[in-house]
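Chains as they are written, first to last, in the numbering used here: chain A, 1 to 188; chain B, 1001 to 1188. Backbone N, C-alpha and C define an ideal beta-carbon position, used for all residues, glycine too. As the structure is a computational prediction, the values presented were derived from the model and not from experiment. Let me begin by presenting the structure, written as C-alpha cells, before commenting on it.
Number of protein chains: 2
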Amino acid sequence: MRAGLTAERLAQAGAELADEVGFEQVTVSELARQFDVKVASLYSHVRNSHDLKTRIALLALEELADRGASALAGRAGKDALAALANVYRDYAREHPGRYAAAQLRLDPAAAAASAGGRHSQMARAVLRGYDLTEPDQTHAVRLLGSVFHGYVSLEMGGGFSHSAPDTEETWARILDGLDALLRNWPEA
Amino acid sequence: MRAGLTAERLAQAGAELADEVGFEQVTVSELARQFDVKVASLYSHVRNSHDLKTRIALLALEELADRGASALAGRAGKDALAALANVYRDYAREHPGRYAAAQLRLDPAAAAASAGGRHSQMARAVLRGYDLTEPDQTHAVRLLGSVFHGYVSLEMGGGFSHSAPDTEETWARILDGLDALLRNWPEA
DNA sequence: CCGATTTGCCTAAAAGCTTTAGGCAACTGC
DNA sequence: GCAGTTGCCTAAAGCTTTTAGGCAAATCGG
C-alpha cells in the first residue's frame, strides 16, 4: 500500500496545514504524520524544508492571482480597485496560513516562476481606470501593493487592536482615499 | 569567571545577531555560542525561545519610537510626514533583523507593555498638521501604518524587483501622494 | 574577614525536527 | 509474468529546545 505522495499533494496538504496551525508550524515531520508515512519518504518529492515552503508559497500566489483575475473581470475604476483589494483581504482571512506563505521571500529563480507577474499586471489593470502614464503608473502599482499588503498584515496581526472605529469602516475609507488619490495623482 | 548574562544583554545581543543573520535564525543556541556559555544557562534569564524573541521585538519597537520622537521634534505637516516615514524605512535598512522582530505578533500582555502606543501617538502627531477629526484621524493613522509597513516590507523583500523606476523615486512620489490625500481627505 | 545565602552557570538527559544513505517491495510497461 | 523503476522504509547523525538538579562564585551579615 503506497501513500501516493507527489510534490503537488504535499504542497496542497501543507497549505491546508498552514491554515490550521500557522505557516511557521508547517514542518516536514508534521506533514509526514498527516500522510501516515515516515519522514524520510517526503524527501523523494521535496528537496528540503525550504523547498516545501516555497511550493506552498507558489500555490498561494497562484490561487490569489486566480481570484484576482475573476474579481477583476468586467469591472473598472473604483469598482475594480475595491474588488482587487478585497481579494487580498478576504483571502488572508479565509486562508491565513496560505497568505503568510505568499509573503515568503522567494529566491530569484522561484520568484521568476511565480505568479508575481500576474499580480502586478492586475494592479496595472485596475489603474487603467485612472489617468496615469508611466512612470506614475509604476509608482501607483507599488502604492497599491504597499497598502493592500500593509493593511492586511497589520489587521491580521492585531495591529489595529479592537478599538473603535471598527476595521470594516477604516477599510472602506481607505479605499475611498486611494480612489480619490488615484483620480488626483499629484505631478512630480 | 561568570559571563554576566541578563535578559537585557541577551535581547541586545539577539538584536545584533538578528541584523547579521536574520531574525528567523536567532536561536537560544546561537546566542549561547556567542556568549561562550552552555545553552541551558540562558534559561535562567529567559523563559523560552519565544520570550527571547519577544524581548528583541520590544527592544526594536522602543528604538523605533525613540527615533520617531527625535525625527518629529520641531517638524509639522508634510515635513513631519516624510520624517516619520523615513524613520521606518531607514531603520529597516540599517537593522533588517530588528525590523523583522518589530513585526512579531505580540501576545496581548506584551503588546500592552510595548511601545505600540507611542507609535500611534506619533502618527497622530503627524496628522495634527492636517485637518482631520475623529474618526477620520483613526482611519488615517491606520492608513499611514499600512503604507509605511507595507512599502518597507515589500521593498526589503525584493517585491519591487530592481526594475525602473527606482524605489527612491517611488518612495518620494508615494509621500507626495499621501500628503495630497491627507490634505484632501474625502468625506464619508 | 569569614561564614551563610543567593545566584549563575554547569552537566545530564529527553524529545523533536532535518537531512542523507542505502535497501526492499510494490507498481509499470513490455 | 518479468525487468526495471519508483516509492517508502530503516538507520543514523546533527541540530534545537527545554527541564532537573548540582556545584561554585558572588554577595551580604555579623
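Practice item. Give the secondary structure of Q1103 (chain B) by DSSP, where H, G and I count as helix, E and B as strand, and everything else as coil. Key: Looking at Q1103 (chain B) - three-state DSSP - the assignment turns out to be coil, as it is neither helix nor strand.
Check your understanding: Short check: CB of W6 (chain A) to CB of H45 (chain A), under 8 Å?
Key -> The sequence shown places Thr at residue 6 (chain A), rather than the Trp named in the question. Closer than 8 Å, so yes.
Check your understanding: Can you give the Cα-Cα distance for A140 (chain A) and F1035 (chain B), rounded to whole angstroms?
Key -> The alpha-carbon of A140 (chain A) is positioned some 47 Å away from that of F1035 (chain B).
Review point. From B:E1030, B:L1127, B:E1062, B:S1161, pick the residue whose C-alpha is nearest to that of A1113 (chain B); which is it?
Key: Measuring from the Cα of A1113 (chain B), the nearest candidate turns out to be B:E1062.
Point to revise | Residue from B:H1095, B:A1080, B:R1002, B:A1110 with nearest C-alpha to L1052 (chain B) | key: Taking only the C-alpha atoms, the option nearest L1052 (chain B) is B:A1110.
Review point. Does the stretch 1166-1177 of chain B come close enough to the stretch 164-173 of chain A that 3 or more CB-CB pairs lie under 8 Å?
Key: The answer is no - the stretch 1166-1177 of chain B does not touch the stretch 164-173 of chain A, with fewer than three Cβ pairs under 8 Å.
Check your understanding: Which chain B residues are close to A110 (chain A), counting only those with a beta carbon under 8 Å from its beta carbon?
Key -> Per Cβ cutoff of 8 Å: no residues; A110 (chain A) is ~11 Å from chain B at best.
Practice item. Verify the CB distance criterion: does D200 (chain A) have a CB-CB separation below 8 Å to chain B? Key: This structure cannot settle anything about residue 200 (chain A), because the visible part of chain A is limited to 1 through 188.
Check your understanding: Looking at the C-beta of A1188 (chain B), does it have a partner C-beta in chain A at a distance below 8 Å?
Key -> Closer than 8 Å to some Cβ of chain A, the Cβ of A1188 (chain B) qualifies, so yes.
Review point. What does P165 (chain A) reach in chain B if we use C-beta pairs closer than 7 Å?
Key: Neighbourhood of P165 (chain A) in chain B, by CB distance below 7 Å: P1135, T1138, in chain order.
Exercise for review: With 8 Å as the threshold, decide whether the Cβ of Y130 (chain A) is near any Cβ in chain B.
Suggested key: At a cut-off of 8 Å between C-beta atoms, Y130 (chain A) does not count as an interface residue with respect to chain B.
Practice item. Excluding the 5 residues preceding and the 5 following A1085 (chain B) in the sequence, name in chain order all residues of the same chain whose CB lies nearer than 7 Å to its CB. Key: Setting aside the 5 residues that flank it on each side, A1085 (chain B) is surrounded in the same chain by F1148, L1175, each with a C-beta closer than 7 Å to its C-beta; the list follows chain order.
**Study point:** Residue closest to R1128 (chain B), alpha-carbon to alpha-carbon, out of B:A1101, B:G1074, B:G1158
**Key:** Taking only the C-alpha atoms, the option nearest R1128 (chain B) is B:G1074.
Exercise for review: Would you mind telling me which residues of chain B sit closer than 8 Å to N184 (chain A), beta carbon to beta carbon, in chain order?
Suggested key: Simply A1180, N1184.
Practice item. Check the Cβ-Cβ distances between V1147 (chain B) and every residue of chain A, and say whether any is below 8 Å. Key: So, interface residue.
**Study point:** G116 (chain A) versus G1150 (chain B): straight-line alpha-carbon distance, rounded
**Key:** Roughly 16 Å separates the two Cα atoms.
Check your understanding: Can you find a C-beta in chain A that's less than 8 Å from the C-beta of Y1151 (chain B)?
Key -> Yes, Y1151 (chain B) lies at the interface with chain A (some Cβ there is under 8 Å from its Cβ).
Practice item. Could you spell out the range, first to last residue, of the alpha helix (DSSP H) harbouring M122 (chain A)? Key: Residue range 116-127 is occupied by the alpha helix (DSSP H) that includes M122 (chain A).
Exercise for review: Just the C-alpha distance for G97 (chain A) and G14 (chain A), rounded to the nearest angstrom, thanks.
Suggested key: G97 (chain A) and G14 (chain A): Cα-Cα distance of roughly 9 Å.
Check your understanding: Taking Cβ-Cβ distances shorter than 7 Å, what residues in chain B pair up with F160 (chain A)?
Key -> Taking a Cβ-Cβ threshold of 7 Å, the residues of chain B close to F160 (chain A) are R1142, in chain order.
Exercise for review: Reducing DSSP to helix, strand and coil, say where R1047 (chain B) ends up.
Suggested key: In the structure shown, R1047 (chain B) sits in coil (DSSP, three-state: anything other than H, G, I, E or B).
Exercise for review: Identify the contact partners of G157 (chain A) in chain B, using a Cβ-Cβ distance below 8 Å as the criterion.
Suggested key: For G157 (chain A), the C-beta contacts it makes with chain B under 8 Å involve Q1103, R1105, in order along the chain.
Point to revise | Min CB distance L58 (chain A) to chain B below 8 Å | key: Using a CB distance cut-off of 8 Å, L58 (chain A) does not count as an interface residue toward chain B.
Exercise for review: Determine the direct distance from the alpha carbon of A180 (chain A) to that of A76 (chain A), and round the result to whole angstroms.
Suggested key: C-alpha of A76 (chain A) to C-alpha of A180 (chain A): approximately 15 Å in a straight line.
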